[in-house]
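Each residue of the sequence shown is one higher than the one before, counting from 0 in numbering that gives the first Met the number 0.
From the three backbone atoms N, C-alpha and C, an ideal C-beta is built for every residue, glycine too.
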Amino acid sequence: MRRMHGAGLCRVVPDSNATRRVAQSLRESYALAHKSPFPFPAIADQRGEVCHTMRSIMNANRLHLLLPFALPAAADASTALHSLDIRALDKLVARATLVERVIGEDFQRTLPHERWVARSFGAVPAGTAAADEAPLAPYMLLADGGNPGDATWACVQPVHVRIAHDHLVLIDPASLELTDDDARTLLGVARPLIEELGVRIEAPQPSRWYLSSEAFGTLAGASPLRASGRNIEIWLPHEAHTGERSRAWMKLQNEVQMAWFEHPVNEAREARGLPAVNSIWFHAQGAAQPVKSGFTRVLSDAAATRGLALAAKAVTDAPPASFDAWRANGANGSAAATLIELDPFSAPFIEQDWGRWNDVFATLERDWFAPALNALQAGQLGELGLTLCGDTGSVTLAITRGDLRKFWRRRLFASLFIE
């Protein structure tokens, strides 16, 4: 066993010669592709016990970027890194202080960026085993215009489940192209069936519903993007403590599925070459907790993040198009700490379309990383935080102007990839 230390982190990790060789090979390929003059760093952390001290997030004029699906698995590194040109991000990563590294498990129901926002705002109840918890539905309901109160809520979304050779596969809900009119029609069919079963339903947004019932108990479901593209068997909702399936949920789901089968909305969709909306997906169940934010402003399109910010009395808005747009909107010279969630990676990551994923990185390099680096160098930005997430783990970095002068720091972007 080895103990690895970093700024704000200590970890007990098992030795693995094979893993070290793989990681070294990946970093060499990356360094050659980018003509990096830096020697290769020590192997990235492996799964193990973690203890960390979170660095302060209240520096003046501080920007933190949350980037879901920006870290592929190490197994995909050679393909994902092909032709990737991110010189500004490379320098930021090389000089940054490591704040936190979280190595998740393969079958966690929630996604790293969901767990990060839940922990950052204090949305996980005290005493809860937080490794797989992101009870975000009540905050999503708040963001959508509802009032969660003290009730326990789950988010339920219309989805398409595809029949594969010998299993069922969930497709990315964003690819449904479900219009609000069609969603309202399908909701109108499902609502009385749900209410007849004694389940409370709120649907301020027609394609995202919220259900509350004691019959659901501690039912835990996987995030739709966690299960998308995969055999749904292991991702179906189950009791968190016993692992058993919920009869109440299965009955409700079956009622809705039968009502939608051969419905005119689905027949019209299939005639246009679109997948039928043939099921519903349960996730994010929980009750709202008192939350607080280290950020004065939170700019995100994600319902969960916006809802947490609203509950914490932070200013919320949509994310700006670029770093310069953020500065032009009054951020420059402000003492506020701002969280911006940028989510252009999810679709290409889930589809493993690494060419499109590279294109997204090129856009962020131009619009965010390069101007942020320039602002740090000029003393116009106090600190830049980066939380880069994959589908199991995440890495959080912090960079100040002083860090940029620490030439002995030589971390490579490839070293962040999840083993």
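- Less than 8 Å separates the beta-carbon of P111 from that of T391.
- Within 10 angstroms of the beta-carbon of W152 lie 16 or more other beta-carbons, which makes it buried.
- Between P274 and L167, the beta carbon gap of about 13 Å keeps them out of contact (Cβ cut-off 8 Å).
- Nearest in C-alpha terms to A336, of all of A324, A308, T295 and S345, is T295.
- Scanning the stretch 117-170 for uninterrupted beta strand (DSSP E) segments of 3 residues or longer gives 151-158, 160-162 and 167-169, listed from N- to C-terminal end.
- For the pair L218 and P236, the CB atoms are nearer than the 8 Å cut-off.
- Between I339 and L298, the C-beta gap is smaller than 8 Å, which places the two residues in contact.
- Rounded to the nearest angstrom, the gap between the Cα atoms of V276 and S222 is 18 Å.
- With respect to the C-alpha of G197, the residue from L251, L88, V123 and G148 having the closest C-alpha is L251.
- Ranked by Cα distance from L62, the options K312, S292 and G384 are led by G384.
- Judged by DSSP secondary structure, T78 falls within the alpha helix (DSSP H) whose first and last residues are A76 to A79.
- For R246, the uninterrupted alpha helix (DSSP H) run begins and ends at R246 to W259, by DSSP.
- In the DSSP secondary-structure assignment, E201 is bridged to Y209.
- The beta carbon of R190 sits closer than 8 Å to the beta carbons of I200 and A202 from its chain, once the five residues preceding and following it are set aside; these are given in chain order.
- According to DSSP, residue pairing for G228 in a beta bridge does not occur.
- R108 and R225 have their C-alpha atoms spaced approximately 7 Å apart.
- Between the C-alpha atoms of L307 and L140 there is a straight-line separation of about 10 Å.
- A76 has its alpha-carbon roughly 38 Å from the corresponding atom of A286.
- The Cβ atoms of I349 and S227 lie closer than 8 Å to each other.
- The closest CA to that of W353, considering only L411, A239 and L80, is found on L80.
- The Cβ-Cβ distance between A303 and E99 does not fall below 8 Å.
- D89: member of the alpha helix (DSSP H) spanning R86 to R94, first to last residue.
- Residue environment: S212 is assigned as buried (16 or more neighbouring CB atoms within 10 Å of its CB, all protein chains considered).
- W367 is a Cβ neighbour of L64, given a cutoff of 8 Å.
- Exposed is the label assigned to T362, since fewer than 16 other Cβ atoms lie within 10 Å of its Cβ.
- One alpha carbon belongs to V359, the other to A311, and they sit about 31 Å apart.
- Judged by DSSP in its simplified three-state form, H112 adopts helix.
- Here DSSP, grouped into helix, strand and coil, assigns R100 to strand.
- Put simply, of A377, V158, L309 and E382 the residue whose alpha carbon is nearest the alpha carbon of G144 is L309.
- Across the structure, V255 and Y209 are spaced so that their CA atoms are roughly 15 Å apart.
- It is roughly 31 Å from the alpha-carbon of K291 to the alpha-carbon of L403.
- Assignment of L383 by DSSP, reduced to helix, strand and coil, places it in the strand class.
- In the DSSP assignment, I193 falls outside any beta strand (DSSP E) and within the unbroken alpha helix (DSSP H) covering D179 to E195.
- In the three-state scheme derived from DSSP, where H, G and I count as helix and E and B as strand, A270 is classed as helix.
- The C-beta distance from F406 to P67 rounds to 31 Å, too long to meet the 8 Å contact threshold.
- Minimum Cα-Cα distance from W356 among the listed residues G389, A374 and A371 corresponds to G389.
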